[in-house]
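For the sequence shown, the residue numbers in full-length UniProt numbering are 14 to 379.
Here is the structure we will look at, set down as structure tokens.
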Amino acid sequence: GTLDRIDFVVVSVPFVEPFGTSVASWAVKEALLLRLEQDGFVGWGECVADPDPYYDGETTTTARHLIRDFLLKELEPGRTLGEALGRFRKVRGNPMAKATVENALLDLMARRRGIPLHELLGYEARPVPSGISIGIQESTGALLAKVEEAVDQGYHRVKMKIMRGKDVAWVAAVRERFPDIALMADANGDYTLEDAGHLKGLDAFGLTMIEQPLGYHDIYQHSLLQPQLKTALCLDESIHSLDDAAAALGLGACRVINIKQGRVGGLLESIRIARHCQERGVPVWSGGMDETGLGRAVNIHLQTVDNFSIPGDTSETRRYFREDIADPPVVLGPGGFIAIPPGPGTGVTLDPGRLERYTLHRERVR
Ligand code: OSB
Ligand code: MG
14 GTLDRIDFVV VSVPFVEPFG TSVASWAVKE ALLLRLEQDG FVGWGECVAD PDPYYDGETT
74 TTARHLIRDF LLKELEPGRT LGEALGRFRK VRGNPMAKAT VENALLDLMA RRRGIPLHEL
134 LGYEARPVPS GISIGIQEST GALLAKVEEA VDQGYHRVKM KIMRGKDVAW VAAVRERFPD
194 IALMADANGD YTLEDAGHLK GLDAFGLTMI EQPLGYHDIY QHSLLQPQLK TALCLDESIH
254 SLDDAAAALG LGACRVINIK QGRVGGLLES IRIARHCQER GVPVWSGGMD ETGLGRAVNI
314 HLQTVDNFSI PGDTSETRRY FREDIADPPV VLGPGGFIAI PPGPGTGVTL DPGRLERYTL
374 HRERVR
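See below:
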């Protein structure tokens, strides 16, 4: 059926502290939200693009353009959800924009049916493991303090950001202090193949994986690096679709894939990737994009899918925001696990007062 109303809301929610990678540092979470209303039901989608092109080429502004001028057109009355999403194929690239619309439609559909998102996708609820991604720190002392806090809180795995000049010695310091934790490192593309010898130095620390050491769009050079390392490589930035994932596995470029549902065009493509990987014995995990509670809930539902067998970037709300726009907050339950928010759709609701407070821009599309 037709949608009664479509709105964009751009929010800017301050982080508790800036989040730094090898490429950029963000002090606030700026996100494009899409609101779809039909017959009194409302579905929301959060776009994972940043306002800048420093993690990926898409931005909140390009996503707004793609959604408004190209993707929403495909949601014509009489078309099923599957038909409409199939039509998105003719729009090249822009998976983050596509995922935003898909997420909002799936949330709307699940709410109409009165069922949780994971059930709409066909998966059963289960407790989701926790993981934390610790940004680039000023000193190894500061890093050790962050890791200690995370370990005390019961996180199942710790990911530390690395970059040139803050890598082997920093991982060594963490590993020496915490010999038994599940630890991994994410370089966000800071190295080249010429650094292979240096990166081999990371093999000594029993990392569960090294995420995206080489170019942000590269698969081939990772396939040359992987055989030189004992440690499994994991691709993040380079994977935008099932085709990319198939290329990476076919070339032996990695032994793990980070699925960020927003980066690969949505939940349905994520499930296709998870299956493809499962058939080849490659585990996947759910990467985060520092989402608000809305996008984080989507990632939690996704982790009910088979083959999400490694803890992801799913952390407590309080680690990102003093005040979030969504309820309920994500908290670590018994054993460090996270419960799926109960209720229809994503299970989270946006608080009108907080949404208003953090809104930068609103646009009624239809
Ligand atoms: O590379 O995984 C990444 C956040 C923003 C952009 C890129 C990345 C990240 C994270 C944080 O690592 C994950 C999270 O806690 O949501
Ligand atoms: Mg990453």
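In this text, a Cβ means the ideal position worked out from N, Cα and C, and glycines have one as well.
Small disclaimer: the values here were computed from a predicted structure and weren't measured.
State buried or exposed for S152, treating a residue as buried only when at least 16 other CB atoms are found within 10 Å of its CB.
The count along the sequence shown starts at 1 and reaches residue 152 at position 139. Classification for S152: exposed.
Would you say the segment 360 to 369 touches the segment 175 to 182, given that touching needs at least three Cβ pairs under 8 Å?
no
To the nearest angstrom, how far is it from the Cα of N320 to the Cα of M197?
As a first step, residue 320 must be located in the sequence shown, where it is residue number 307. As a first step, residue 197 must be located in the sequence shown, where it is residue number 184. Going by the C-alpha atoms only, they are around 19 Å apart.
Could you check where the beta strand (DSSP E) with L46 kicks off and where it finishes?
For the purposes of this step, residue 46 is identified with residue 33 of the sequence shown, where counting begins at 1. Segment 38 to 51, the beta strand (DSSP E) holding L46.
Can you tell me where the alpha helix (DSSP H) with V311 in it begins and where it stops?
Numbered from its first residue, the sequence shown carries residue 311 at position 298. For V311, the enclosing alpha helix (DSSP H) has its first and last residue at 306 to 315.
Examine chain D for any beta-carbon lying closer than 9 Å to the beta-carbon of S254, and answer yes or no.
No chain D is present in this structure, which holds just one protein chain.
Mind checking whether D193 and K172 have CB atoms under 9 Å apart?
Indexing the sequence shown from 1 puts residue 193 at position 180. Indexing the sequence shown from 1 puts residue 172 at position 159. No, Cβ-Cβ distance for D193 and K172 is not below 9 Å.
Can the beta-carbon of D257 be found less than 9 Å from the beta-carbon of I232?
Your numbering for residue 257 matches position 244 in the sequence shown. Your numbering for residue 232 matches position 219 in the sequence shown. The answer is yes: Cβ separation under 9 Å.
Under 8 Å Cβ to Cβ from P64, same chain only, skipping five residues before and after it: list those, please.
Translated into positions along the sequence shown, residue 64 becomes position 51. Cβ within range, chain order: E43, T72, T73, T74.
Give every residue of the same chain whose Cβ lies closer than 6 Å to the Cβ of I284, excluding the five residues on either side of it in the sequence, and list them in chain order.
Within the sequence shown, residue 284 is the residue found at index 271, counting from 1. Correct list, in chain order: V318.
Got a sec? Which residues, its chain only, sit under 7 Å from R100 by beta carbon, not counting five neighbours each side?
Position 87 of the sequence shown, counted from the first residue, corresponds to residue 100. Cβ neighbours of R100 beyond the five flanking positions: E87.
Are the beta-carbon atoms belonging to G167 and D249 less than 9 Å from one another?
Translated into positions along the sequence shown, residue 167 becomes position 154. Translated into positions along the sequence shown, residue 249 becomes position 236. At least 9 Å separates the beta-carbon of G167 from that of D249.
What I want to know is whether the C-beta of D249 ends up closer than 8 Å to one or more non-hydrogen atoms of the ligand MG.
For the purposes of this step, residue 249 is taken as the residue at position 236 of the sequence shown. Answer for D249: yes, Cβ within range of the ligand MG.
With DSSP run on the structure shown, which of helix, strand or coil describes M109?
Locating residue 109 in the sequence shown gives position 96, counting from the first residue. In this structure, M109 counts as helix in the three-state DSSP scheme.
On the premise that I252 lies in contact with V277, defined as a C-beta separation below 8 Å, what is that separation, rounded to the nearest angstrom?
As a working mapping, residue 277 is identified with position 264 in the sequence shown. As a working mapping, residue 252 is identified with position 239 in the sequence shown. In this structure, V277 and I252 form a Cβ contact; the two beta carbons are roughly 6 Å apart against a cut-off of 8 Å.
In terms of alpha-carbon separation, which member of N271, G33, E304, G265 lies closest to D337?
The residue labelled residue 337 in the question sits at position 324 within the sequence shown. Of N271, G33, E304, G265, the residue nearest in Cα terms is E304.
Using only CA atoms, which one of L281, L264, V295 lies nearest to N271?
For the purposes of this step, residue 271 is taken as the residue at position 258 of the sequence shown. The option with the nearest alpha carbon to N271 is V295.
If we ignore side chains and look at the alpha-carbon of each, how far apart do F21 and A260 end up?
What you label residue 21 is simply residue 8 of the sequence shown in a count that begins at 1. What you label residue 260 is simply residue 247 of the sequence shown in a count that begins at 1. F21 and A260: Cα-Cα distance of roughly 35 Å.
For H169, I'd like the list of residues in its chain whose CB is within less than 7 Å of its CB, leaving aside the five on either flank, ordered along the chain.
For the purposes of this step, residue 169 is taken as the residue at position 156 of the sequence shown. Taken in chain order, the residues that qualify are P142, S143, G144, A195, P324, G349.
With hydrogens ignored, establish whether the beta-carbon of G300 is closer than 8 Å to any heavy atom of the ligand MG.
Counting from 1 along the sequence shown, the entry for residue 300 is found at position 287. Indeed, a heavy atom of the ligand MG lies less than 8 Å from the Cβ.
Can we count residue 403 as close to the ligand OSB, meaning its CB is less than 8 Å from some heavy atom?
Missing from the structure shown is residue 403; the chain here goes from 14 to 379 and no further.
Do you know how far the Cα of L47 is from the Cα of L212?
For the purposes of this step, residue 212 is taken as the residue at position 199 of the sequence shown. For the purposes of this step, residue 47 is taken as the residue at position 34 of the sequence shown. C-alpha separation (whole angstroms): 41 Å.
Comparing the CB of Q274 with every heavy atom of the ligand MG, is any distance shorter than 8 Å?
In the sequence shown, the residue the question calls residue 274 occupies position 261. No, since every heavy atom of the ligand MG falls outside the 8 Å radius drawn around the Cβ of Q274.
Leaving out five residues on either side along the sequence, give the residues of the same chain with a beta carbon under 7 Å from the beta carbon of I80.
Position 67 of the sequence shown, counted from the first residue, corresponds to residue 80. Excluding sequence neighbours, I80 sits near L47, A110, T113, V114.
Does the Cβ-Cβ distance between A138 and I286 come in under 9 Å?
For the purposes of this step, residue 138 is identified with residue 125 of the sequence shown, where counting begins at 1. For the purposes of this step, residue 286 is identified with residue 273 of the sequence shown, where counting begins at 1. No, they are not a contact pair.
At which residues does the beta strand (DSSP E) containing S35 begin and terminate?
Mapped onto the sequence shown, residue 35 falls at position 22. No beta strand (DSSP E) holds S35; DSSP gives it neither H nor E.
Thinking C-beta only, is V55 closer than 9 Å to residue 1?
For the chain, the structure presents residues 14 to 379; residue 1 sits outside this window and is missing.
With a 10 Å radius around its C-beta and 16 neighbouring C-beta atoms as the bar for buried, classify S236 as buried or exposed.
Position 223 of the sequence shown, counted from the first residue, corresponds to residue 236. Looking at its Cβ environment, which holds 16 or more other Cβ atoms inside 10 Å, S236 is buried.
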